[in-house]
Amino acid sequence: MKQALVTGAAGFLGSHLCDKLLAVGMSVIGMDNFITGSMSNIAHLEDNSNFSFINHDVCQHIDIKGDLDYILHFASPASPIDYLKIPIQTLKVGALGTHNALGLARAKNARILVASTSEIYGDPLVHPQTEDYFGNVNTIGPRGVYDEAKRYLESITMAYHRYHGVDTRIIRIFNTYGPRMRLNDGRVIPAFMGQALRGEDLTVFGDGSQTRSFCFVEDEIEGIYRLLMSEYHLPVNIGNPDEITILHFAQEIIALTGTDQKIVYKELPKNDPLQRKPDITKAKEILGWEPKVGRAEGMQRTYNYFKSLSQEELNKMEHRDFTSFKN
Ligand code: NAD
Ligand code: UDP
6 MKQALVTGAA GFLGSHLCDK LLAVGMSVIG MDNFITGSMS NIAHLEDNSN
56 FSFINHDVCQ HIDIKGDLDY ILHFASPASP IDYLKIPIQT LKVGALGTHN
106 ALGLARAKNA RILVASTSEI YGDPLVHPQT EDYFGNVNTI GPRGVYDEAK
156 RYLESITMAY HRYHGVDTRI IRIFNTYGPR MRLNDGRVIP AFMGQALRGE
206 DLTVFGDGSQ TRSFCFVEDE IEGIYRLLMS EYHLPVNIGN PDEITILHFA
256 QEIIALTGTD QKIVYKELPK NDPLQRKPDI TKAKEILGWE PKVGRAEGMQ
306 RTYNYFKSLS QEELNKMEHR DFTSFKN
């Protein structure tokens, strides 16, 4: 039986990844320090004899007994609200955490896949974004703590590949959504759905003309797994190229939830990328991957999940926005 370590296992993507690796017959060790994750995301795995969990900060030396075949390094805050609140931890997990994960891969002779992001393209001047675009990032802006941490993650991963011969994979994940996101994690989909469920107005930042392209989690996880199993070590974009403006998206959520909420406009956060859409030619050619779940279906499934949460959980997850952060 192959053995995998997933860092960030109690998070949104990490927990779905644990499910996938267990489903294909691997034994999985989950690791997390719960800085943005939740035990409830992995509670269903408690009785699974092929799953074990270690509560650990990956910025500290990682000690795993026995063999490891795969490491999937997903530990990192991912929502702008989170990384503005915990900027130093975000930089540290991208740098020290990634260094430790790569050191472990080298020591165990394991293949490692690291989670990078479309944010390494910053506010992109090339559209759609191809993997050979170097990006447009403000190093000293509020988002720089995340963007630069992930750019460093890619650089140190390539250094371990070139210098130590470690078997590495780099995925650039574009906005992904689905069940197990936190309603108050600040990202736009849980933000809008939480507002609709609480009967609040939807907060569109700026004039809403900025674009994003949203990928359903099931598709994203399949792309991650295919890259892990491939022989390709350069970065690959995995995301859904179906691009939409945030204003149009807010209108779609109002229609989906059948509420009569209004849209209110708030200041656009500094360096908020004006456009984002993955070019997935590489993923199609190398991995035979493309997304299958359209936005209407994915949003309905996500909304059903949020609706299924108890009123107590909904109330706990009151809306957070950028008003408490300086630009
Ligand atoms: P998330 O916040 O739900 O999960 C991140 C997990 O990492 C949390 O459980 C958190 O507690 C854990 N973590 C953070 N720092 C840690 C540390 N020092 N030690 C141990 N655990 C730590 O976010 P997510 O959306 O699941 O994102 C997971 C990964 O995917 C991140 O690396 C993120 O940068 C990347 N990513 C996600 C998206 C997306 O749209 N969801 C897009 C691009 C990249
Ligand atoms: N956004 C918004 N209202 C919200 C939350 C987010 O208009 O309540 C916008 C945000 O400014 C950005 C887009 O939605 O343009 C996506 O934001 P998110 O935080 O989900 O992810 P990003 O792609 O910016 O990392």
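So the mapping is simple: my numbering equals the position in the sequence shown, first residue as 1, plus 5. Cβ coordinates follow ideal geometry from the N, Cα and C atoms, glycine included. Just so it is clear, the structure is predicted and the values come from calculations on it, not from any experiment.
Practice task
Tell me whether the beta-carbon of I76 lies closer than 8 Å to the beta-carbon of L10.
Solution key: In this structure, L10 lies closer than 8 Å to I76 by Cβ.
Exercise for the section: Answer yes if the stretch 13–29 comes into contact with the stretch 38–51, meaning at least three C-beta pairs across the two stretches below 8 Å, and no otherwise. Expected result: Between the stretch 38–51 and the stretch 13–29, the count of Cβ pairs shorter than 8 Å is three or higher; the stretches touch.
Handout entry: Classification of T313 by the beta-carbon crowding that lies within 10 angstroms, buried from 16 upward
Key = Correcting the residue type first, residue 313 is Ser in the shown sequence and not Thr. S313 sits exposed, since fewer than 16 C-beta atoms from the chains shown fall within 10 Å of its C-beta.
Handout entry: First and last residue of the uninterrupted alpha helix (DSSP H) at V241
Key = Taken as a continuous stretch (DSSP letters only), V241 belongs to no alpha helix (DSSP H), being part of the beta strand (DSSP E) at 241–243.
Problem - 8 Å contact criterion, which N276 and D128 should meet: CB distance rounded - result: Cβ-Cβ separation between N276 and D128: approximately 6 Å, consistent with a contact (criterion under 8 Å).
Problem - Element boundaries [beta strand (DSSP E), containing R116] - result: Its beta strand (DSSP E) spans residues 116–122.
Practice task
Compute the minimum distance between the beta carbon of A115 and the heavy atoms of the ligand NAD, and state whether it is under 7 Å.
Solution key: No.
Handout entry: Contact test: L273 Cβ vs the ligand UDP heavy atom, cutoff 7 Å
Key = Within the cutoff, so yes.
Practice task
Please find out if some non-hydrogen atom of the ligand UDP comes closer than 7 Å to the beta-carbon of N180.
Solution key: A heavy atom of the ligand UDP is found nearer than 7 Å to the CB of N180.
Handout entry: Expected contact under 8 Å - CB spacing of R300 and D247 to nearest Å
Key = Contact holds; Cβ gap of about 6 Å.
Problem - Three-state secondary structure assigned by DSSP to M6 - result: M6 falls in the coil class under three-state DSSP.
Practice task
Note down the Cα distance separating M31 from M6, rounded to an integer number of angstroms.
Solution key: Counting only the Cα atoms, M6 lies some 6 Å from M31.
Exercise for the section: For V63, verify whether its CB is less than 7 Å away from any heavy atom of the ligand UDP. Expected result: Not so, every heavy atom of the ligand UDP lies at least 7 Å from the Cβ.
Handout entry: Three-way DSSP call (helix, strand, coil) for R217 in this model
Key = Strand, per DSSP.
Practice task
Report the three-state DSSP secondary structure of M234 (helix, strand or coil).
Solution key: In the three-state scheme derived from DSSP, where H, G and I count as helix and E and B as strand, M234 is classed as helix.
Practice task
Measure how close the beta-carbons of H21 and R185 come, nearest whole angstrom, since I'm counting them as under 8 Å.
Solution key: So it is a contact: roughly 7 Å between Cβ atoms.
Exercise for the section: Could you tell me whether the Cβ atoms of E225 and T181 are closer together than 8 Å? Expected result: Between E225 and T181, the CB-CB gap stays under 8 Å.
Practice task
With a floor of 3 residues, list each beta strand (DSSP E) that falls wholly inside the stretch 77–131, ordered by position along the chain.
Solution key: Here the runs fully enclosed are 116–122.
Practice task
Answer with buried or exposed for V171, where buried requires no fewer than 16 other C-beta atoms within 10 angstroms of its C-beta.
Solution key: Classification of V171: buried, given that the 10 Å Cβ count is 16 or more.
Practice task
Over the uninterrupted alpha helix (DSSP H) stretch that includes K271, give me the two end residues.
Solution key: Secondary structure note for K271: it is in no alpha helix (DSSP H), and the uninterrupted beta strand (DSSP E) holding it is 268–271.
Practice task
Enumerate in chain order the residues of its own chain whose CB-to-CB distance from I34 is below 6 Å, with the five nearest sequence positions on each side excluded.
Solution key: The residues are L10, S57.
Problem - Local conformation of G19 per DSSP, three classes - result: Note: G19 maps to helix in three-state DSSP.
Practice task
Out of L252, K289, K297, state which residue places its alpha-carbon closest to the alpha-carbon of F221.
Solution key: Closest in alpha carbon position to F221, among L252, K289, K297, is K297.
Problem - Per-residue burial, I93 [other beta carbons within 10 Å of its own, 16 or more giving buried] - result: Exposed, by the Cβ-count rule.
Handout entry: Contact set for I161: own chain, Cβ-Cβ below 8 Å, skip 5 residues either direction
Key = Cβ within range, chain order: A100, T103, H104, L107.
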